[in-house]
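Enquirer: Chains as they are written, first to last, in my numbering: chain A, 1 to 309; chain B, 310 to 618; chain C, 619 to 927; chain D, 928 to 1236.
Quick one: structure below, then a few questions.
Protein chains: 4
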Amino acid sequence: MQLTNKAEGTFAIAPTPFDPEGGIDVKSVDSMCDFYTEVGCSGITVLGIMGEAPKLDADEAIAVASQVIKRADKLQVVVGVSAPGFAAMRSLARKAMDAGAAGVMIAPIPSLRTDDQIVTYFKQAIEAIGSDIPWVLQDYPLTLSVQMTPGVIRRIIQDLPSCVMLKHEDWPGLEKISTLRGFEKDGSMRPISILTGNGGLFLDFEMERGADGAMTGYAFPDMLVDVVRLSKEGRREDAHDLFDAHLPLARYEQQQGVGLAVRKYVMAKRGIIAHDAQRKPGSSLSAAGRAEVDYLLARLAIKDKRAAV
Amino acid sequence: MQLTNKAEGTFAIAPTPFDPEGGIDVKSVDSMCDFYTEVGCSGITVLGIMGEAPKLDADEAIAVASQVIKRADKLQVVVGVSAPGFAAMRSLARKAMDAGAAGVMIAPIPSLRTDDQIVTYFKQAIEAIGSDIPWVLQDYPLTLSVQMTPGVIRRIIQDLPSCVMLKHEDWPGLEKISTLRGFEKDGSMRPISILTGNGGLFLDFEMERGADGAMTGYAFPDMLVDVVRLSKEGRREDAHDLFDAHLPLARYEQQQGVGLAVRKYVMAKRGIIAHDAQRKPGSSLSAAGRAEVDYLLARLAIKDKRAAV
Amino acid sequence: MQLTNKAEGTFAIAPTPFDPEGGIDVKSVDSMCDFYTEVGCSGITVLGIMGEAPKLDADEAIAVASQVIKRADKLQVVVGVSAPGFAAMRSLARKAMDAGAAGVMIAPIPSLRTDDQIVTYFKQAIEAIGSDIPWVLQDYPLTLSVQMTPGVIRRIIQDLPSCVMLKHEDWPGLEKISTLRGFEKDGSMRPISILTGNGGLFLDFEMERGADGAMTGYAFPDMLVDVVRLSKEGRREDAHDLFDAHLPLARYEQQQGVGLAVRKYVMAKRGIIAHDAQRKPGSSLSAAGRAEVDYLLARLAIKDKRAAV
Amino acid sequence: MQLTNKAEGTFAIAPTPFDPEGGIDVKSVDSMCDFYTEVGCSGITVLGIMGEAPKLDADEAIAVASQVIKRADKLQVVVGVSAPGFAAMRSLARKAMDAGAAGVMIAPIPSLRTDDQIVTYFKQAIEAIGSDIPWVLQDYPLTLSVQMTPGVIRRIIQDLPSCVMLKHEDWPGLEKISTLRGFEKDGSMRPISILTGNGGLFLDFEMERGADGAMTGYAFPDMLVDVVRLSKEGRREDAHDLFDAHLPLARYEQQQGVGLAVRKYVMAKRGIIAHDAQRKPGSSLSAAGRAEVDYLLARLAIKDKRAAV
């Protein structure tokens, strides 16, 4: 059940549930996994940027990953292994795969600038973790400040056969999907899976441009699952209607910094996790912010009953 | 009719209309001004980041500003004078005011980092242009990579009496509005006008947090005018209904790089300007992109007839 | 007397002399030009980063350039035309060439990241200013934060025949010179002139790696002229002895921010310009700083009499 | 023997010795420690930026630190604990102190911008590691891209009593030392130890401005020890003579990227470590580069016999 370039559907970017004292809330890890499984996710991604991974020490990180892998045994689990050095990256990647992960995800370090620096970085990373581990290339310029052209992504994919998926998170990125699918058609790049991020804010059109699904972290992964499915079934209006109904809230959740607080607040309200706590240093939602989210949920519930919480 | 800290309503960030050969389309400058006036804008901002200002030479820049000031004589016109050096900033600011501008807008240069550097920069800028010109402080970290805390904004406003308005474009920025309004209430900062940017993507809640209006560049400034008005009248549901109907398109237009192409494409479709041309080097909309915008307009037209173009 | 790829020797990066009130000190412009001519410089570069160019308005900029061109009529004058937009760049470049400049110098804008973005930027710049103007490519990552690999520089040089010179200012950059000269040898790049910057801090070895000379701004351009000449004559020990004697002061002058204050202070002491004034906003040398420079000059004067001022 | 604000002298920034296969060269760790002790260093700093720390996994990192602490038992050992997250930082800091470290060193993460963000970061870091660990504040804007004003440094020092030392590595930074010492004199900041970095390139004047010594990584720490001592003894000319003799090589070693290769090459030549190997991905010195270093050593040996290797 290792990750391949045929992967599709919705991979939920999982937050790490904490209790109010800052400990890992293992019960919520289980309930969250059960929820993702029930609503039809294809996979779960743990220890990503929104998973508060840097706040976990090495033992906690692998413990969380292992619990998710064990509990969500019907889903593919991708483990984020981005690290400032290759020794730590290798260590976490090997442990994750030993624990049963489907693959790992690697983001470039922020200091990379030139095309050659970027390509070289991923070659060295794969040399470090081993070429036997399927991995996801994370392209997220807004946060990582590394800009990869389609041509650079193609070089990485052609040079490194163990890369099976692109987590597409450029912004804007619709043309990038079209260009990469064009590379596949003209034979200059082997086919890969493309799942899209950015909180799902462009999922409606990303699917129409050729994405295979979503890998992102909205508090309603069930909406993502539905939009991906409706889009694949060719039910364009239905996909857009559902998407548009959620857009006001999805936009609100996509605010940098406070976004994770919104997500955990809604997930706790929905009963997916027990607490909306973040381990320190964390962002928090003001009273005004909570009232705004409640208002958005109430408006959403008119069109999507799942928001009536 | 100089700008004061009582300014409110919608200030349209005006694009610069070009003809397909790259010349300034002076006829469209007039029709655009007429449109902004008719739909109820309070002001127009020219030579901003989205106005392709760096592609104009010094003579063209002042010519465009002067034409807008003359034609839109019922509106307040703000002229962007951000420049890498103070000599050019002073020169444009004085000329703009002589031509009848209501005020000028100044953004920080990207290299500023520390609080003191930021405050010092604006002191030097005002020393250069003169303390008699009302000016707008532009706070736009996403594009300018300069981060001003509420405390730094307060220092600037307290130190420089000619600052009358904040163009609020932090992202996320709802708490920033609340904090600044709190400074006014506790007496630590004099009252200023706050108009919000970011393509209007958070205008619904920005108004509720205390903004005086919008200063941004969506292709439907009439929607911005309406949302600002509805919000001030306390018609919350109506404001959100109209806002939500536009959000899918507003979100699409807010894509960096390609956003201006979308805006001009829609404005040309609406007959506000004659061409969607950008002076080189410009972004352009692919066939797929145009089809997506058309689709969004068709969906929007169901709820807002003004989109039936 | 237009710039070609045969250019060599020392091109002095000229500061702009101001009087204490902030006006351009035209008398010092002349005396400075005379000095550069007398000590054997091959050229002068005006309106560069260290020339306080952004503090000049458009009319002043061309006036300074024209005066230097006229006075230093035995030297080649390169005019810096870097600008945030192509309209201003074209305007200044055409005026400079009309006034008799030998060529222009263009730096990339700081926002460029990918290889393609960089190459495209220079193509657009040359399309804007015209392909008939010989120009210098400025490679200065430390200040401009744009990283050009040797491969990218080669693409620019091969695509744009009017590029005749590289102002080499990468840091470290010795291997870059060797790589570029290697490209010339293997026939993959046409020959260009390479002059080096960075305040001359590596001039000793840059010459040995194949540089044609220096284009930088040390307060002793006569030392640069001598080191370039000694190195070309194969007098290695003499070149290094002279260079090493100046290194403590050259290092001191190379401090970012305060460096220009040091340079003008020493140039004024040497009688090259009348005042060490900078136009606001400028850096200044503290009393401790001036004493340190005086001490360094006194130590240097033991080995090089020209420092006895 | 914990670190206090009375610390002075030279703390050597230690590289991590590797064998050609990439394993840690434990024998060289010992010989290096012995060398630092013999030449009169006051302390050793391990796991810093130039110590290839990110290439070590967690177990290796603490093993290297422990070996240095044990072997160099007459010196104070500072352990770099900078990390992307506080969990890893705490874990390493506690282990290092348990192993006998004198203190730890913390650098800000590169994303910090505003004064408040910087101060808050260090408060959270100390909350994480515990306020009982003496620590060194690393101020290194050139590499870390975080700019701390003297005022921000003062806030950190006043708020966090366990901060006992500033590793001063701003560039330029002479005025910063003077300003901070001024804060101490006017009573607005408690006294701290200031050791300077930047490869020692300004050590001559840094001592005269009030630094307590050097914490940096030149291949001749014995020179640093001597310059610090001579300067404290008031032998100004002798200090500068020795410093100036080394400056051509020190400047060469200070090149970013290739600097560590130069340092290890010279240290291996001097017999301080057995190999100049770096763990992958590492920089390397070309044949031309090695010849240049050899030439610089030969020239230096005329004035300082220790360079005759």
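Here a beta-carbon is modelled for each residue, glycine too, at the ideal position from N, C-alpha and C.
How do the region 574-586 of chain B and the region 320-340 of chain B stand: do at least 3 beta-carbon pairs fall below 8 Å, yes or no?
Expert: As far as the Cβ criterion goes, the region 574-586 of chain B touches the region 320-340 of chain B, which means the pair count is three or higher.
Enquirer: Taking buried to mean at least 16 other C-beta atoms within 10 Å of its own C-beta, is A:S188 buried or exposed?
Expert: Exposed, by the Cβ-count rule.
Enquirer: What would DSSP say about B:K476, mapped onto helix, strand or coil?
Expert: In this structure, B:K476 counts as strand in the three-state DSSP scheme.
Enquirer: Is the region 365-375 of chain B touching the region 425-439 of chain B in the sense that three or more CB pairs, one from each, lie closer than 8 Å?
Expert: With the cut-off at 8 Å, the region 425-439 of chain B and the region 365-375 of chain B do not touch.
Enquirer: What residues of chain B sit near D:D1042, judged by a beta carbon separation below 9 Å?
Expert: Within 9 Å Cβ-Cβ: T423, D424, D425, T458, G460, V461.
Enquirer: Indicate the three-state DSSP secondary structure (helix, strand or coil) for C:I812 in the structure shown.
Expert: Correct three-state label for C:I812: strand.
Enquirer: What residue range does the beta strand (DSSP E) around D:K1147 cover?
Expert: One detail in the question is off: residue 1147 of chain D reads as Phe in this sequence, not Lys. Per DSSP, D:F1147 belongs to no beta strand (DSSP E) and is neither H nor E.
Enquirer: For the region 201-213 of chain A against the region 165-182 of chain A, do three or more pairs of beta-carbon atoms, one drawn from each stretch, fall closer than 8 Å, so that the two count as touching?
Expert: They touch, by the three-pair rule.
Enquirer: What residues in its chain sit with their C-beta under 6 Å from that of D:R1017, if we drop five residues either side in the sequence?
Expert: Closer than 6 Å at Cβ, skipping near neighbours: A1055, I1056.
Enquirer: Please classify D:S1038 as buried or exposed, where buried requires at least 16 neighbouring CB atoms within 10 angstroms.
Expert: Under this definition D:S1038 is an exposed residue.
Enquirer: With contact counted as at least three CB pairs below 8 Å, one residue from each stretch, are the region 999-1011 of chain D and the region 1025-1043 of chain D in contact?
Expert: Segments in contact, yes.
Enquirer: Cα separation between C:A857 and D:S1211?
Expert: Taking the straight line from one Cα to the other gives about 27 Å.
Enquirer: Measure the alpha-carbon distance for B:G332 versus C:I736 and round it to whole angstroms.
Expert: B:G332 and C:I736: Cα-Cα distance of roughly 26 Å.
Enquirer: Looking at the strands, I want to know which residues DSSP matches up with B:L446.
Expert: Paired residues: B:I415, B:L475.
Enquirer: Can you find a CB in chain B that lies within less than 7 Å of the CB of C:P672?
Expert: Cβ-Cβ to chain B under 7 Å: yes for C:P672.
Enquirer: Taking the C-alpha atoms as reference points, what is the distance between B:F492 and B:C472?
Expert: Using only the alpha carbons, I get a separation of about 16 Å.
Enquirer: How do the region 38-57 of chain A and the region 6-15 of chain A stand: do at least 3 beta-carbon pairs fall below 8 Å, yes or no?
Expert: Enough Cβ pairs lie closer than 8 Å, so yes.
Enquirer: Assuming A:A53 and A:G80 form a contact by the criterion Cβ under 8 Å, report the distance between their Cβ atoms to the nearest whole angstrom.
Expert: Their Cβ separation, rounded to whole angstroms, is 6 Å, which keeps A:A53 and A:G80 in contact under 8 Å.
Enquirer: Could you run through the region 866-900 of chain C and flag, in chain order, every residue whose CB is less than 9 Å away from some CB of chain B?
Expert: Here the close residues are R897, K898, P899.
Enquirer: On the DSSP letters alone, give me the boundaries of the alpha helix (DSSP H) that A:T114 sits inside.
Expert: That residue, A:T114, is in no alpha helix (DSSP H); it is neither H nor E in DSSP.
Enquirer: Is the region 1172-1192 of chain D touching the region 1143-1152 of chain D, taking contact as three or more C-beta pairs under 8 Å?
Expert: Cβ pair count under 8 Å is three or more, so yes.
Enquirer: Let's see if you can read the secondary structure: which residues bound the alpha helix (DSSP H) around B:Q626?
Expert: Only positions 310 to 618 of chain B appear in the structure, and residue 626 of chain B is not among them; the question remains open.
Enquirer: What is the C-beta distance between A:K167 and A:G197, in whole angstroms, given that I count them as a contact (C-beta under 8 Å)?
Expert: That pair is a contact at about 6 Å.
Enquirer: Closer than 7 Å, CB to CB, is C:D566 near chain D or not?
Expert: Because chain C spans 619 through 927 in this model, residue 566 of chain C falls outside it and cannot be assessed.
Enquirer: Let me see if you follow: with CB-CB separation under 7 Å, is B:D366 close to chain C or not?
Expert: By this cut-off, B:D366 is an interface position.
Enquirer: Compile a chain-ordered list of the residues in the region 1126-1148 of chain D whose CB is closer than 9 Å to at least one CB of chain C.
Expert: Against chain C - using a Cβ distance shorter than 9 Å - the residues of the region 1126-1148 of chain D are L1128, F1129, D1131, F1132, E1135, R1136.
Enquirer: So which residues on chain B does A:G289 lean against when the C-beta distance must stay under 8 Å?
Expert: Correct list: L483, E484.
Enquirer: Given a limit of 9 Å on CB to CB distance, which residues of the region 1018-1037 of chain D reach chain A?
Expert: From the region 1018-1037 of chain D, only S1018, P1037 have a Cβ closer than 9 Å to chain A.
Enquirer: Report, in whole angstroms, the separation of the C-beta atoms of A:D25 and A:P17, which I expect to be a contact under 8 Å.
Expert: Indeed, because the Cβ distance is near 4 Å, the residues count as touching under 8 Å.
Enquirer: Quick check on this structure: which residue in D:T1041, D:A1215, D:M1194, D:R1163 has the alpha carbon closest to the alpha carbon of B:G460?
Expert: Nearest of D:T1041, D:A1215, D:M1194, D:R1163 to B:G460, Cα basis: D:T1041.
Enquirer: Hey, does A:E292 have any beta-carbon neighbour from chain B nearer than 7 Å?
Expert: Yes, A:E292 counts as interfacial toward chain B.
Enquirer: Helix, strand or coil for B:V455? Go by DSSP, reduced to three states.
Expert: B:V455: coil per DSSP, three-state reduction.
Enquirer: On the criterion of 16 or more Cβ atoms from any shown chain inside 10 Å, does C:V927 qualify as buried, or is it exposed?
Expert: Burial call: exposed.
Enquirer: Check whether the Cβ atoms of A:I331 and A:I157 sit closer than 7 Å, and answer yes or no.
Expert: Given a span of 1 to 309 for chain A in the structure shown, any question on residue 331 of chain A remains unanswerable.
Enquirer: Whole-angstrom Cβ separation of D:G1161 and D:V1185, contact assumed at under 8 Å?
Expert: Rounded, the Cβ-Cβ distance is 37 Å, inconsistent with contact.
Enquirer: Which of helix, strand or coil does DSSP assign to D:V1236?
Expert: Correct three-state label for D:V1236: coil.
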